[in-house]
Amino acid sequence: MPQSLVPSWMLALLVGSGFVCQGTMQTGAAEPVAPVAKGAAAEIRTAEDLLAALEDADKGVHTLRAQIVYERYMYMQDESQIRYGSLYFRNERDAADAPPRRAFAITLEHMLVDDVMRLDQKHYIFDGEWLVEKILEEKLFRKMRIARPGERSDPFRVGEKDSMLVPLPVGQEKDAVLARYEAELLPAQSGLESEKDVEFRKFVADAWQLRLVPREEFAKEDRFTEIRLWYERDTLMPMMSRAVHREGDISTVQLVGVKKNDPQFPAAVIHIDPPQEEGWIIRIDEGRFAPRDEDASPAADAAGEKGNTQE
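Read in our numbering, the sequence shown has 132 at position 136, and its numbers run on one by one without any break.
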């Protein structure tokens, strides 16, 4: 995925260190996240056991929404940025045994740098074929095709070439993960020994931790040298991830206040059509899937009719 469209960190945000510790399921109309099969947690003794359990952890999860916390430590600058926003995730299947069709929206609203909070609204939407970036302040809409028409890409899949997120192997085949990564089951607070990690240690105190390191034959092409993933012990829902980038940066992502199958899930947020309001700059890129020159783009024509700028 080209860096020009989406920064490599992507999954972002927070709500303050005090709130981060409150990573419990919110109450309300949404379904509580059900525990995994009785006894399954007790049977998890190795990384392979956890990966096997995760294969079915997304069954029955049609939508998920959460506040997300993203912290990016930049090695070269020796400084961190924290972004604040929300995650909306949709998981659909045509049949019980069919692969999931996943889509999501991430709405970033604020960024904290050097103890200064500022408005920084960027929205990212992915429907399985198209990735959209909306920069509200600049009224810029960028849309890139990620998969061939009719095909689907999974942005959360470990090893996904076009993944822009820290991967979260939930509902992914154990063998596919192990083919690409060495996997290790670790104590929940392992790797969080720094004084700066005290709130993270509290957040994952009773979680499963899975550490993934690219196998030698994939190490040069993987964006990360190490991925650590934390899952809620009973439900196996993802709680936190930490990835070490090849250039030395460290990305930490938390999911806070998760709601499963919320009847009030805002389906319209996963919307990839260009804005109808005037004044937007519209950029649509078919990439390597671009049609022949004589093929017109209805979306581009519509954007032009609304007074937007098509590039």
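Cβ atoms here follow ideal geometry from the backbone N, Cα and C, with glycine treated the same way.
R242 is not a Cβ neighbour of R224, given a cutoff of 8 Å. Checking the DSSP bridge columns, you'll see L136 partnered with I131, I277. Across the structure, N257 and F214 are spaced so that their CA atoms are roughly 36 Å apart. Three or more beta-carbon pairs separated by less than 8 Å link the region 133 to 144 to the region 274 to 281, which places the two stretches in contact. Per DSSP, L46 is one residue of the alpha helix (DSSP H) stretching across 43 to 50. Boundaries cannot be given for L232, as no beta strand (DSSP E) includes it and DSSP labels it neither H nor E. The continuous stretches of alpha helix (DSSP H) do not include R89, and DSSP gives it neither H nor E. Assignment of V65 by DSSP, reduced to helix, strand and coil, places it in the strand class. Shortest Cα-Cα distance from I40 to any of E180, D123, V254 involves E180. Straight through space, the alpha carbons of L132 and G167 are spaced by roughly 33 Å. Shown here for R144: same chain residues with a beta carbon closer than 7 Å to its own, the five before and five after excluded, namely F285 in chain order.
Look at V265 here: in three-state DSSP terms it is helix. For V194, the three-state secondary structure derived from DSSP is helix. Assigned with DSSP and collapsed to three states, V173 falls in helix. Per DSSP, the unbroken beta strand (DSSP E) holding A101 starts and ends at 97 to 109.
In the three-state reduction of the DSSP assignment, R284 falls in the helix class, which pools H, G and I.
Secondary structure at E178: strand, using DSSP grouped into helix, strand and coil. Remark: C-beta atoms of F261 and T103 do not approach each other more closely than 8 Å.
The count of Cβ pairs closer than 8 Å, one atom from the region 80 to 91 and one from the region 60 to 72, reaches three, so the stretches are in contact. Secondary-structure assignment with DSSP links K216 through no beta bridge to anything. Put simply, of E217, S76, E134, R219 the residue whose alpha carbon is nearest the alpha carbon of M107 is S76.
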